[in-house]
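Novice:
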Amino acid sequence: MIKLGIIGTNWITGQFIEAAHESKEFKLTSVYSRSEAKAKDFGEQYGATNFYDNVTDFFASDSFEAIYIASPNSLHFEQIKLAIKAGKKVIAEKPMVSNPTEMAEVQEVLKKHPESQLFEAARQIHQENFKIIEQKVTEMETIQGATLTYMKYSSRYDAILAGEEPNIFSPKFSGGALQDLGVYVVYDAIAWFGAPLKVQYYPTMLPTGVDGKGVAILTYKDFNVTLNVGKTANSYLTSEIYGLKDTIVMDNAAELNEVIYRDGSDKEDMLSQFPAKNPMLAEANAFARVINNPGDAASIADYKKWQALSITVNQVLFDLRQSAGIEFPADHK
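This note's numbering numbers the first residue of the sequence shown as 49 and each following residue consecutively.
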């Protein structure tokens, strides 16, 4: 059983803890928050027994061996480095870090501490329906592009309309639609089609200086991929991958609950399997497998693949922001 510590006491942390416990591979033991009382209040409901409000004491503790980091985006960088230096197995919520400079430094620290491991919690790439699409794409004779959509109204946008600046919509915390929901569809595109030749992002900007929604174009040698992302509106569009006459149709490019292959005639083939109730269960199982089997060839190969994918996704997100003139304080440290 892997002893788990956490940073971040929000809903997504709770969902990951529930998935980790459901996997029967992790046990939550330790919680860090700026308030020890808040850490205790959050952690006790999940069985944690160690609570910290001092980050130095937290990382020095042997009460946990793996950590899940779900703090505001811009805080991940320093916390990941501290965790790696402490020899922990690190699971960082996406986006892992704010830019390629931070990513390169994290990778250098990781090389100096080979006992550590670093995972980005991009949940859908570990789900079976994602892998089914990945395989089907390789079987299609021709790829003519894709349109991938993930737009979901954020309750935090109400605060923006009221003149406030919540973390998720703040450049100080490396926020915005692309950095949040956009990560999912960028992961889709990179995993299924590889790195693009060039990118361009057309955002709808908010008064805070980040994007509320936008359209990204990823240009490949023979086709384009269009990404529709947003946190200020809801979209109910399906997502599609275009072959010659055939098409893969997804109910949602991030959730991937239903995936259909249409061959261009009247035939439809349901590719998807019924997903787990907790969408983070697959990644919890995947991370545990690699942590528990560090010398296994398949685990090593998967870990390297995930690392390379995280680095490429981070670069593409940065390039998209640069194309639109969106900058964060983290870009100028």
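Every residue gets a Cβ at the ideal spot worked out from N, C-alpha and C, and that includes glycine.
What did DSSP end up calling Asn362 once you bin it into helix, strand or coil?
Specialist: Position 314 of the sequence shown holds residue 362. Of the three classes helix, strand and coil, the one that applies to Asn362 here is helix, per DSSP.
Novice: Run through DSSP, which three-state label would Gly193 get?
Specialist: For the purposes of this step, residue 193 is taken as the residue at position 145 of the sequence shown. Strand.
Novice: Which whole-angstrom value describes the C-beta separation of Gly193 and Val273, a residue pair presumed to lie in contact below a C-beta threshold of 8 angstroms?
Specialist: Counted from its first residue, the sequence shown places residue 193 at position 145. Counted from its first residue, the sequence shown places residue 273 at position 225. So it is a contact: roughly 6 angstroms between Cβ atoms.
Novice: Going by DSSP, name the residue or residues bridged to Ile55.
Specialist: Locating residue 55 in the sequence shown gives position 7, where the first residue counts as 1. Ile55 is bridged to Tyr80 and Ile117.
Novice: Answer with buried or exposed for Lys129, where buried requires no fewer than 16 other C-beta atoms within 10 angstroms of its C-beta.
Specialist: The count along the sequence shown starts at 1 and reaches residue 129 at position 81. Answer is buried; the Cβ neighbour count reaches 16.
Novice: Taking 9 angstroms as the threshold (C-beta atoms), are Lys88 and Phe74 in contact?
Specialist: As a working note, residue 74 is residue 26 in the sequence shown. As a working note, residue 88 is residue 40 in the sequence shown. It is not a contact, given that the beta carbons lie outside the stated cut-off.
Novice: Report the rounded CA-to-CA distance for Ser371 versus Asp228, giving the unit in angstroms.
Specialist: Sequence index remark: in the sequence shown, residue 371 carries index 323 (1-based). Sequence index remark: in the sequence shown, residue 228 carries index 180 (1-based). Distance between the alpha carbons of Ser371 and Asp228: 18 angstroms.
Novice: Apply the 10 Å Cβ neighbour rule to His124 and answer buried if 16 or more other Cβ atoms are within range, or exposed otherwise.
Specialist: Here residue 124 is taken as the residue at index 76 of the sequence shown, counted from 1. Counting Cβ neighbours within 10 Å, His124 comes out buried, since at least 16 surround it.
Novice: Going by CA-CA distance only, name the one from Ala118, Val234, Glu66 and Gln183 that's closest to Ser358.
Specialist: Residue 358 sits at position 310 when you count from the first residue of the sequence shown. Nearest of Ala118, Val234, Glu66 and Gln183 to Ser358, Cα basis: Val234.
Novice: In whole angstroms, what is the alpha-carbon distance linking Ala356 and Phe167?
Specialist: The residue you call residue 356 lines up with position 308 of the sequence shown. The residue you call residue 167 lines up with position 119 of the sequence shown. Approximately 11 angstroms, taken between the alpha carbons.
Novice: With DSSP run on the structure shown, which of helix, strand or coil describes Lys261?
Specialist: Counted from its first residue, the sequence shown places residue 261 at position 213. The answer is strand: DSSP assigns Lys261 an E or B state.
Novice: Does Asn177 pass the burial test, meaning 16 or more other C-beta atoms within 10 Å, or should it be called exposed?
Specialist: Against the sequence shown, residue 177 aligns to sequence position 129. Burial call: buried.
Novice: According to DSSP, is Tyr284 helix, strand or coil?
Specialist: Looking up residue 284 in the sequence shown gives position 236. Coil.
Novice: Give me the Cα-Cα distance between Lys136 and Ile115, rounded to the nearest whole angstrom.
Specialist: Along the sequence shown, one-based indexing puts residue 136 at 88. Along the sequence shown, one-based indexing puts residue 115 at 67. C-alpha separation (whole angstroms): 7 angstroms.
Novice: Would you say Tyr250 faces chain C, with C-beta separation under 9 angstroms as the test?
Specialist: Chain labels in this structure do not include chain C; a single protein chain is all it has.
Novice: For the alpha helix (DSSP H) containing Gly230, name the first residue and the last one.
Specialist: Reading the sequence shown from its first residue, position 182 is the one you call residue 230. Its alpha helix (DSSP H) spans residues Gly230 to Phe241.
Novice: Could you tell me the boundaries of the alpha helix (DSSP H) in which Val185 lies?
Specialist: Within the sequence shown, the letter at position 137 stands for residue 185. Taken as a continuous stretch (DSSP letters only), the alpha helix (DSSP H) holding Val185 covers Glu176 to Glu187.
Novice: From Tyr201 to Glu303, what distance separates their C-alpha atoms?
Specialist: Counted from its first residue, the sequence shown places residue 201 at position 153. Counted from its first residue, the sequence shown places residue 303 at position 255. Their Cα atoms are separated by approximately 15 angstroms.
Novice: Are Gly242 and Val277 close, meaning C-beta to C-beta below 9 angstroms?
Specialist: For the purposes of this step, residue 242 is taken as the residue at position 194 of the sequence shown. For the purposes of this step, residue 277 is taken as the residue at position 229 of the sequence shown. For Gly242 and Val277, no; Cβs fall outside 9 angstroms.
Novice: Using DSSP bridges, identify the partner residues of Arg310.
Specialist: Against the sequence shown, residue 310 aligns to sequence position 262. DSSP lists Thr295 and Glu316 as partners of Arg310.
Novice: Going along the chain, which residues of its own chain have a beta-carbon closer than 8 angstroms to the beta-carbon of Glu84, five neighbours each way excluded?
Specialist: Here residue 84 is taken as the residue at index 36 of the sequence shown, counted from 1. Once the five neighbours on either side are set aside, the close Cβ partners of Glu84 are Phe99, Tyr100 and Asp101.
Novice: Among the candidates Asp379, Leu76 and Asn147, whose CA atom is the shortest distance from the CA of Val361?
Specialist: Residue mapping note: residue 361 aligns to position 313 of the sequence shown, counting from 1. The residue with the shortest Cα to Cα distance from Val361 is Asn147.
Novice: On the DSSP bridge assignment, give the partners of Val247 in chain order.
Specialist: Taking the sequence shown and counting its residues from 1, one reaches residue 247 at position 199. Val247 pairs with Leu266.
Novice: Could you tell me the alpha carbon to alpha carbon distance between Lys442 and Val364, rounded to whole angstroms?
Specialist: Residue 442 lies beyond the stretch modelled for the chain, which goes from 49 to 381, so this question has no answer here.
Novice: Our contact map puts Ser119 next to Ile55 with C-beta atoms below 8 angstroms; I'd like the distance itself, whole angstroms only.
Specialist: As a position in the sequence shown, residue 119 is number 71, starting the count at 1. As a position in the sequence shown, residue 55 is number 7, starting the count at 1. Yes, Ser119 and Ile55 are in contact; Cβ-Cβ is about 5 angstroms, under 8 angstroms.
Novice: Residues in the same chain with beta-carbon distance under 6 angstroms from Ala131, minus the five sequence neighbours each way, listed in chain order, please.
Specialist: The residue labelled residue 131 in the question sits at position 83 within the sequence shown. Hits under 6 angstroms: Ile115 and Val138.
Novice: I need the DSSP call for Thr256, collapsed to helix, strand or coil.
Specialist: As a first step, residue 256 is located in the sequence shown; it is residue number 208 there, counting from the start. Thr256 falls in the coil class under three-state DSSP.
Novice: What is the C-beta distance between Ser78 and Phe112, in whole angstroms, given that I count them as a contact (C-beta under 8 angstroms)?
Specialist: Residue 78 sits at position 30 when you count from the first residue of the sequence shown. Residue 112 sits at position 64 when you count from the first residue of the sequence shown. Sure, about 4 angstroms apart at Cβ, within 8 angstroms.
Novice: Rounded to whole angstroms, what's the CA-CA distance from Ala345 to His69? Just pull it up for me.
Specialist: Residue 345 sits at position 297 when you count from the first residue of the sequence shown. Residue 69 sits at position 21 when you count from the first residue of the sequence shown. Their Cα atoms are separated by approximately 26 angstroms.
Novice: Just how far apart, CA to CA, sit Gly260 and Asp379?
Specialist: Taking the sequence shown and counting its residues from 1, the one referred to as residue 260 is at position 212. Taking the sequence shown and counting its residues from 1, the one referred to as residue 379 is at position 331. Using only the alpha carbons, I get a separation of about 20 angstroms.
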